[in-house]
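Undergrad: One structure is given below, represented as structure tokens, and several questions about it will come after.
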Amino acid sequence: MLLALQSIPCGSAEEGPSLEDKVKTAFLYKFTKYIRWPEGGPADDFRIAVIGESGILGPLRELARERLADGRKIRVERLRNVDEIGPCHILFIASTERERLREILKKAEPKGVLTVGDGKGFAAEGVVVNFVIVDGRVRFEISRRAAGRSGLEISSQLLKLAILVKE
Amino acid sequence: MFRIRDLHIKHKLIAIQLTTACIVLLFFGLFAFLNDLRTFRNSVVSQLTSTANLIGGNSVSALDFADSAAAEKVLSSLDAEPDIVGARIYDALGRVFATYPRSGFPDPGAALPEGEAPEFSGGRVLISRKIALGGETLGSLLLISDMKRYRRAVAQNAVLALSLLLVGVVAAFLLSMLTQKAISEPILRLVDAAKGISETGKYSFRVEKQGSDEIGMLCETFNDMIAQVEKREASLQEAHAVLEERVKERTAQLAVAKEAAESADRLKSAFLATMSHELRTPLNSIIGFTGILLQELPGPLNEEQKKQLGMSKGSAEHLLELINDVLDISKIEAGQLQVVVEPFDLRAAVQKTILAARPLADKKGLALEADIAPEVGTIAGDRRRVEQVLLNLLSNAIKFTDRGRVRTECSLRAGQVSIRVTDTGIGMRKEDMADLFKPFRQIDAGISRQYEGTGLGLSICKKLVELMDGSIRAESALGAGSTFSVAFPADRKAS
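As they're listed, the protein sequences go chains X and E. Read left to right, the first sequence gives residues 52 to 218 (the working numbering). Read left to right, the second sequence gives residues 4 to 498 (the working numbering).
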């Protein structure tokens, strides 16, 4: 699904998933095409884990039902504890996890996981990709250093669209 | 009218070489120009294609993430491409996603190209590319390129090709000026030589041979030919000289012979004249003394003596006559006989001559008629010679006539004296008349025996008449008598 350039209303209190979460879900899915994961990741499904409270879970689940990523079935898991972080491709860190961020990253980095944050300044903290809202539009920050730590290769095409952040 | 074959060989050669050079240069120039055109076009297209591929590839993520600002940033890299005047990215639904330049995007004009092939229109090239990621079509890119640079390059190339063509033609012209000499010069030299020889007639001239090509062979053959002509001319001249020498020699010999003959002739005539004179003197005394004897002055003679003396006298007179004729002939032939011109009475002369011939006619019983026209009177001429001619004709007529008459007619008309003597004698055959006036001729032996004569009479007559500027003519038929006509001018100027 392609997105038109349009403003995304913030702080939606409506029923069902907000447009923002839908956009983020779509972005998340698109990231898979521009990022190469290191060898030794989960071999079966394309795993997306979500830690913390986020409205993105619904749209993600919907995505997993409809599409394949990298030719594989998408599996979405919800994590509650840091200990639950296991081998996966994408770890979505909700804004609620600001307190545990260091802990989470520490756990995730060695596993070659693409950490995607959803909190202001997360990228500077060591998250690889972090969603931000700029001028009412969803954009994302990328920390190349963090990506390097996780052994991820990010396409220049993606970097071109990102707000590059230094830790 | 201008015709190529009337041109000088020099110009012909230059024209041929120049034409060939022009055709080749034009052909190659055109070929090179068209090739350049194609190459330029191809390079423009390939450059545009690679730019389109680059831009298309670079705008994948922007399109994917619907980031038109990023897409426009990508498009702004086209600033480095001066030819590209406009670019646009459309999304999968065909909506405009990003535009370059932001303001002043040119109207694409023509319909957007359907496929990947470039579309040329209105001095611009339009090329479109699909933007896809992993088999998913995200949108498309349209590039519009200006052809100005391409056109300028083409124009420059055309100018270059034309100036090269011009240089080539000039070079070909100069080269042909130089090379044509190799052919035209020997030919011109040959022409000059031939002209010179035919004008001056000097066959000693030779053409210098320069190569062993056809022209060289021509020179050689020409020289051979001239040599032959020269040789022939020389031998001709030699023959001519020899001939002239011989003619001179012969002429000299002839002159000598002629001189000898003439002197011999003169000698002969002089001898004859002297001889006749010497012969006449004793003969006259014989005739004189015989006459005295016959007149019986010394004493009476008997009949027999008279008869024999008469025969002697007759023979002597005949001999005298003969001698006189010979004397006349020889005088005429020696050119010593002169006719005098003095007035005399022609009527009296004719009558006197007829009277002189009467005894002969009476002896044969012939009638002697005379018809003298009334206008006949005094004329200027040689009386003695006229009488001699007439007497000769009369005695001839009487001699060859046995019966009938001899008629003499004399008239004067238009200053011409005409005397005709007509007889009724034996006449003669046509074929005998040709020799009639030649000396020592008598028609045949039989006649000469029957009618004695010297055979000189008519010949002398003819010569005398001719001396008087007149003519003599005979008409006759065998057995029908003869007519001799003499005509001469009545008033002959003394010559």
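Ideal Cβ placement from N, Cα and C applies to all residues, glycine included.
If contacts are defined as beta-carbon pairs under 8 Å, then E:Ser488 and E:Arg423 qualify, I think. What distance do you get, rounded to the angstrom?
TA: Within the second sequence, numbered from 1, the residue matching residue 488 of chain E stands at position 485. Within the second sequence, numbered from 1, the residue matching residue 423 of chain E stands at position 420. Going by Cβ atoms, the distance from E:Ser488 to E:Arg423 rounds to 5 Å, so yes, they are a contact pair.
Undergrad: Mind listing which residues of the stretch 134-146 of chain E have their C-beta closer than 8 Å to chain X's C-betas, in chain order?
TA: Leu136, Gly137, Leu141
Undergrad: So which of E:Leu167, E:Ala477, E:Arg209 has the shortest CA-CA distance to E:Leu3?
TA: What is shown of chain E runs 4 to 498, which leaves residue 3 of chain E out entirely.
Undergrad: My parser needs the alpha helix (DSSP H) runs of 4 or more residues fully inside the stretch 385-441 of chain E; what are they?
TA: 386-402
Undergrad: Quick test of your reading: X:Ile102 and X:Ile144, contact by CB under 8 Å. State the CB separation rounded to the nearest angstrom.
TA: Indexing the first sequence from 1 puts residue 102 of chain X at position 51. Indexing the first sequence from 1 puts residue 144 of chain X at position 93. The pair is a contact, with the Cβ atoms about 6 Å apart (cut-off 8 Å).
Undergrad: Would you decide whether E:Ala448 is buried or exposed? Buried here means 16 or more other CB atoms lie within 10 Å of its CB.
TA: The count along the second sequence starts at 1 and reaches residue 448 of chain E at position 445. Caution applies to E:Ala448, whose pLDDT of 47 falls short of 50 and renders its modelled position unreliable; the value that the coordinates give is listed next. Classification for E:Ala448: exposed.
Undergrad: Take E:Lys271 as the anchor and find which of E:Gln298, E:Thr404, E:Ile289, E:Ser333 has the nearest alpha-carbon.
TA: Locating residue 271 of chain E in the second sequence gives position 268, where the first residue counts as 1. Answer by Cα proximity: E:Ser333.
Undergrad: Got a sec: which bits of the stretch 57-84 of chain E sit with their beta carbon under 7 Å from any beta carbon on chain X, in order along the chain?
TA: Contacts with chain X (Cβ-Cβ distance below 7 Å) from the stretch 57-84 of chain E involve Val63, Ser64, Ala65, Asp67, Phe68, Ala69, Asp70, Ser71, Ala73, listed in chain order.
Undergrad: Please identify, using Cβ separations under 8 Å, the residues of the stretch 65-85 of chain X that lie next to chain E, in order along the chain.
TA: Taking 8 Å as the Cβ-Cβ cut-off against chain E, the residues of the stretch 65-85 of chain X that qualify are Phe78, Lys81, Lys84, Tyr85.
Undergrad: Considering only the beta carbon of each residue, do X:Ala120 and X:Phe97 sit closer than 9 Å?
TA: The count along the first sequence starts at 1 and reaches residue 120 of chain X at position 69. The count along the first sequence starts at 1 and reaches residue 97 of chain X at position 46. With contacts defined as CB atoms closer than 9 Å, X:Ala120 and X:Phe97 qualify as a contacting pair.
Undergrad: Using a threshold of 9 Å, state whether the C-beta atoms of E:Arg350 and E:Val379 are closer than that.
TA: To locate residue 350 of chain E, count along the second sequence from 1; it is residue 347. To locate residue 379 of chain E, count along the second sequence from 1; it is residue 376. Contact flag set, yes.
Undergrad: If we ignore side chains and look at the alpha-carbon of each, how far apart do E:Asp9 and E:Gly214 end up?
TA: Counting from 1 along the second sequence, the entry for residue 9 of chain E is found at position 6. Counting from 1 along the second sequence, the entry for residue 214 of chain E is found at position 211. Taking C-alpha positions only, E:Asp9 is separated from E:Gly214 by approximately 27 Å.
Undergrad: Pairs of beta-carbons, one from the stretch 192-207 of chain X and one from the stretch 158-175 of chain E, closer than 8 Å: are there three or more?
TA: no
Undergrad: If you measure between the beta carbons of E:Cys25 and E:Ala174, is that distance less than 9 Å?
TA: The count along the second sequence starts at 1 and reaches residue 25 of chain E at position 22. The count along the second sequence starts at 1 and reaches residue 174 of chain E at position 171. No, these two residues do not count as a Cβ contact at 9 Å.
Undergrad: Please determine, among E:Leu286, E:Gly313, E:Asn287, E:Ser288, the residue with the shortest C-alpha to C-alpha distance to E:Glu299.
TA: As a working note, residue 299 of chain E is residue 296 in the second sequence. Minimum Cα distance to E:Glu299 is reached at E:Gly313.
Undergrad: Mind checking E:Val63: buried by the 16 CB within 10 Å criterion, or exposed?
TA: Here residue 63 of chain E corresponds to residue number 60 of the second sequence, with the count starting at 1. Result: buried.
Undergrad: Ignoring anything shorter than 3 residues or poking outside the stretch 103-184 of chain E, list the beta strand (DSSP E) runs there in chain order.
TA: Listed in chain order, they are 122-124, 127-136, 139-149.
Undergrad: Would you call the stretch 68-83 of chain X and the stretch 109-120 of chain X in contact, with 3 or more CB pairs under 8 Å?
TA: Segment contact: the stretch 68-83 of chain X against the stretch 109-120 of chain X, three or more CB-CB distances shorter than 8 Å; contact assigned.
Undergrad: If we count the other Cβ atoms within 10 Å of its Cβ and call it buried at 16 or more, is E:His11 buried or exposed?
TA: Working through the second sequence from its first residue, we reach residue 11 of chain E at position 8. Counting Cβ neighbours within 10 Å, E:His11 comes out exposed, since fewer than 16 surround it.
Undergrad: Which term fits E:Arg427, buried or exposed, when burial requires 16 or more other beta carbons within 10 angstroms of its beta carbon?
TA: Start at 1 with the first residue of the second sequence, and residue 427 of chain E comes out as number 424. In the sequence as presented, Arg is not what sits at residue 427 of chain E; that position holds Thr. It counts as buried.
Undergrad: Please name the residue in E:Pro189, E:Ala101, E:Val250 whose C-alpha comes closest to that of E:Arg91.
TA: Within the second sequence, the letter at position 88 stands for residue 91 of chain E. Among E:Pro189, E:Ala101, E:Val250, the Cα nearest to that of E:Arg91 is on E:Ala101.
Undergrad: Tell me whether X:Lys124 sits in a helix, a strand or coil according to DSSP, three-state version.
TA: Sequence index remark: in the first sequence, residue 124 of chain X carries index 73 (1-based). Taken through DSSP and simplified to helix, strand or coil, X:Lys124 comes out as strand.
Undergrad: Taking the Cβ atom as the reference point for each residue, do X:Ser194 and X:Glu218 lie within a distance shorter than 9 Å?
TA: Numbered from its first residue, the first sequence carries residue 194 of chain X at position 143. Numbered from its first residue, the first sequence carries residue 218 of chain X at position 167. Cβ distance < 9 Å, so X:Ser194 and X:Glu218 count as in contact.
Undergrad: Determine the chain E residues that contact X:Ala211 at a beta-carbon separation under 7 Å, and present them in chain order.
TA: Taking the first sequence and counting its residues from 1, one reaches residue 211 of chain X at position 160. Position check: residue 211 of chain X holds Lys in this sequence, whereas Ala was assumed. Simply Ser64, Ala73.
Undergrad: Between X:Ser194 and chain E, is any beta-carbon pair separated by less than 9 Å?
TA: Numbered from 1 along the first sequence, position 143 holds the residue referred to as residue 194 of chain X. Judged by the 9 Å Cβ criterion, X:Ser194 is not in contact with chain E.
Undergrad: Can you check which of these residues, E:Asp365, E:Gly418, E:Thr404, E:Ala359, is closest to E:Leu393 by C-alpha distance?
TA: What you label residue 393 of chain E is simply residue 390 of the second sequence in a count that begins at 1. Taking each of E:Asp365, E:Gly418, E:Thr404, E:Ala359 in turn and checking the Cα distance to E:Leu393, the smallest one comes out for E:Ala359.
Undergrad: Assign E:Pro109 to one of two classes, buried (16 or more other C-beta atoms within 10 Å of its C-beta) or exposed (fewer than that).
TA: Taking the first residue of the second sequence as 1, we reach residue 109 of chain E at position 106. Its Cβ having fewer than 16 others within 10 Å, E:Pro109 is exposed.
Undergrad: Do E:Leu369 and E:Gly407 have their CB atoms nearer than 9 Å?
TA: Reading the second sequence from its first residue, position 366 is the one you call residue 369 of chain E. Reading the second sequence from its first residue, position 404 is the one you call residue 407 of chain E. Yes, the pair counts as a contact, with Cβ atoms nearer than the cut-off.
Undergrad: Closer than 6 Å by C-beta to E:Cys413: which residues in its own chain qualify, once you throw out the five before and the five after it? Chain order, please.
TA: What you label residue 413 of chain E is simply residue 410 of the second sequence in a count that begins at 1. Within the same chain, E:Cys413 has close Cβ partners Val353, Ile375, Val379, Ile422.
Undergrad: When you compare the CB of X:Ser105 with every CB in chain E, is at least one pair closer than 9 Å?
TA: Within the first sequence, residue 105 of chain X is the residue found at index 54, counting from 1. Answer no: the Cβ-Cβ gap between X:Ser105 and chain E never drops below 9 Å.
Undergrad: Around the C-beta of X:Pro89, are 16 or more other C-beta atoms found within 10 angstroms, so that it is buried, or is it exposed?
TA: In the first sequence, residue 89 of chain X corresponds to position 38, counting from 1. So X:Pro89 ends up on the exposed side.
Undergrad: Considering only C-alpha positions, which residue in the set E:Arg105, E:Leu96, E:Ala69 is nearest to E:Ser79?
TA: Position 76 of the second sequence, counted from the start, is the residue given in the question as residue 79 of chain E. Closest option to E:Ser79, Cα to Cα, is E:Arg105.
Undergrad: Can you tell me whether DSSP reads X:Arg87 as helix, strand or coil?
TA: As a working mapping, residue 87 of chain X is identified with position 36 in the first sequence. Looking at X:Arg87 - three-state DSSP - the assignment turns out to be strand.
Undergrad: To the nearest angstrom, report how far apart E:Phe123 and E:Arg44 are at their CA atoms.
TA: Position 120 of the second sequence, counted from the first residue, corresponds to residue 123 of chain E. Position 41 of the second sequence, counted from the first residue, corresponds to residue 44 of chain E. Whole-angstrom Cα-Cα distance: 10 Å.
Undergrad: For the structure I just gave you, are there three or more beta carbon pairs, one from the stretch 54-62 of chain E and one from the stretch 20-34 of chain E, closer than 8 Å?
TA: no
Undergrad: Are the stretch 244-259 of chain E and the stretch 217-230 of chain E touching, with three or more C-beta to C-beta distances below 8 Å?
TA: no
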